[in-house]
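>
Numbering (my numbering), first residue to last: 5 to 172.
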């Protein structure tokens, strides 16, 4: 008994009635391009939405996929159905969108963490008292020093100037 050879449903052997349409679109036929895009849009949309879920940019990714399909049509060899070719492009485009979105969320988290570290917390009454006492001592010291020294000290420790900036 001979084993039956199974052919995948997307194989070129099964034939694709839209291959000729894709060739015309690849050659620049605007009507054929519109027809190919209309033909594959439901599948592209389904693939993108299954990967991205209810992502606010899902429609943009569908459109991005269709643009990528138009650009890729000249490379279409007919090894699979046009809809499968479009679906592969949709998967790649949607996955890239997920990755971009994830990187953006990570950057946002890092920014929020940086802000949280940089934002001073409200000082305690003791910290306010210590700070005020230090400022009083610094003011007294500045009043006692000659003008040039006082200015240099203030530039360095109050304004945060570097030694090179003070020297200039």
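Ideal placement from N, C-alpha and C gives every residue a C-beta, glycine not left out.
Bear in mind that the values here come from a model prediction, so they are computed numbers and not experimental data.
Between residue 109 and the ligand NAP, is the CB less than 8 Å from at least one heavy atom?
Within the structure as shown, the ligand NAP is missing, as the structure has no ligands at all.
> I need the DSSP call for residue 85, collapsed to helix, strand or coil.
In the three-state reduction of the DSSP assignment, residue 85 falls in the coil class.
> Who are the Cβ neighbours of residue 29 in its own chain at under 6 Å, not counting the five residues just before and after it?
Answer for residue 29: 36, 37, 40, 77, listed in chain order.
> Quick check: what's the CA-CA separation for residue 13 versus residue 89?
Low per-residue confidence applies at residue 13: pLDDT is 44, beneath 50, and the placement is therefore not dependable, though the value from the model is reported in the following sentence. The straight-line gap from Cα to Cα measures roughly 13 Å.
> Report the three-state DSSP secondary structure of residue 71 (helix, strand or coil).
helix
> Let me check understanding here. Comparing Cα to Cα, which of 20, 144, 129 lies closest to residue 43?
20
> My assumption, with CB atoms under 8 Å, is that residue 135 sits in contact with residue 129. Please give the rounded CB distance.
About 11 Å separates the two Cβ atoms, so there is no contact after all.
> Please look up how many angstroms separate the CB atoms of residue 102 and residue 55, rounded, as I've assumed it's under 8 Å.
With 8 Å as the limit, residue 102 and residue 55 qualify as a contact, their Cβ atoms being about 7 Å apart.
> With residue 21 as the anchor, note down where its alpha helix (DSSP H) starts and where it stops.
Careful: residue 21 lies outside any alpha helix (DSSP H) and carries neither H nor E.
> For residue 175, report the span of its alpha helix (DSSP H) as first-last.
The displayed coordinates of the chain run from 5 to 172. Any statement about residue 175 would go beyond what the structure contains.
> Suppose contacts are defined by Cβ-Cβ distances below 9 Å. Is residue 47 in contact with residue 91 by that definition?
yes
> I'd like the span of the alpha helix (DSSP H) that includes residue 127, first residue to last.
Here residue 127 belongs to no alpha helix (DSSP H), and DSSP marks it neither H nor E.
> To the nearest angstrom, how far is it from the Cα of residue 27 to the Cα of residue 94?
20 Å
> Are the CB atoms of residue 59 and residue 51 nearer to each other than 9 Å?
no
> Could you pull out every residue in the same chain whose Cβ sits closer than 8 Å to the Cβ of residue 159, ignoring the five residues on either side in sequence?
Contacts found: 165, 169, 170.
> With H, G and I counted as helix, E and B as strand and the rest as coil, what does DSSP make of residue 57?
coil
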